[in-house]
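K.L.:
Here it is, the structure in full.
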Amino acid sequence: MGVLAAAARCLVRGADRMSQWTSKRGPRSFRGRKGRGAKGIGFLTSGCRFVQIKEMVPEFVVPDLTGFKLKPYVNYRAPEGEETPLTAAQLFSEAVAPLIVQDFKDGTFDPDNLEKLLGKDHEGARCRERKRSQDQSAPYTSELGNVWDARTVASCFSSGVRDQTQETQHHPEPLPNCHA
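Numbers 1 to 180, taken from UniProt numbering, label the letters of the sequence shown in order.
Written out as structure tokens, the structure is:
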């Protein structure tokens, strides 16, 4: 809008009427023609007949949700759960320690060949093997840090720290309690 048009509007309509008409401003005739914000779905002909255009009618596209399991919404103000975070020692005692115990009982435990416990497809196996070849004197460190040295685990069992009654129970003590 130009400066002259704004000045003319101010002089003609008054200083308090400079702003444009909004949804709540204007005479009733203007508010009646204005509409409510919905887009038109057709047009009026010269004979005041309304013609609806099919392409202008809004269409809701709803995907087929059969078989889709919606997860419940959890409010951010909900209290924290009871589950404690998994530590490296817990992960070791649940995943690797039973395999070491089984190998030790079978007599096939080799502290220098621990990669078989993780499997060939484990992505960190080659990285650790390369690191071990650079420094032969370094103890075994897992991806989670130096959780347990395999030689320490073997010495716990060979030194008799755990007796036979503890090993035959359904829920033996976790290995971190065994310090040699």
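Note that beta-carbon positions come from the ideal geometry of N, C-alpha and C, so glycine has one too.
Model, not experiment: these values are computed from the prediction.
Compute the Euclidean distance between the alpha carbons of residue 57 and residue 3, then round it to the nearest angstrom.
P.N.:
Each residue's Cα considered, the two are about 42 Å apart.
K.L.:
For residue 99, report the span of its alpha helix (DSSP H) as first-last.
P.N.:
Element bounds for residue 99: 97 to 106.
K.L.:
Counting along the chain, where does the beta strand (DSSP E) carrying residue 50 start and finish?
P.N.:
Residues 50 to 52.
K.L.:
At the level of alpha carbons, what is the spacing between residue 181 and residue 106?
P.N.:
Residue 181 falls outside the range modelled here, since the chain spans only 1 to 180, and no answer is possible.
K.L.:
Going by Cα to Cα distance, which pick from 51, 30, 46 and 27 is closest to residue 40?
P.N.:
If we check each option's Cα against that of residue 40, 51 comes out closest.
K.L.:
Nearest-angstrom Cα distance between residue 55 and residue 42?
P.N.:
The alpha-carbon atoms of residue 55 and residue 42 are separated by roughly 9 Å.
K.L.:
Does the Cβ of residue 61 have 16 or more other Cβ atoms within 10 Å, making it buried, or fewer, making it exposed?
P.N.:
So residue 61 counts as exposed.
K.L.:
Can you tell me whether residue 53 is buried or exposed? The criterion is at least 16 other CB atoms within 10 Å of its CB, across all chains shown.
P.N.:
It counts as exposed.
K.L.:
To the nearest angstrom, how far is the alpha carbon of residue 108 from that of residue 91?
P.N.:
Roughly 23 Å between the two C-alpha positions.
K.L.:
Check residue 91 in the structure and name its three-state DSSP category.
P.N.:
Looking at residue 91 - three-state DSSP - the assignment turns out to be helix.
K.L.:
At least one CB of chain C closer than 8 Å to the CB of residue 38: is that the case?
P.N.:
Of the protein chains in this structure there is only one, and it is not chain C.
K.L.:
How big is the Cα-Cα spacing for residue 28 and residue 69?
P.N.:
Going from the Cα of residue 28 to the Cα of residue 69 covers about 51 Å.
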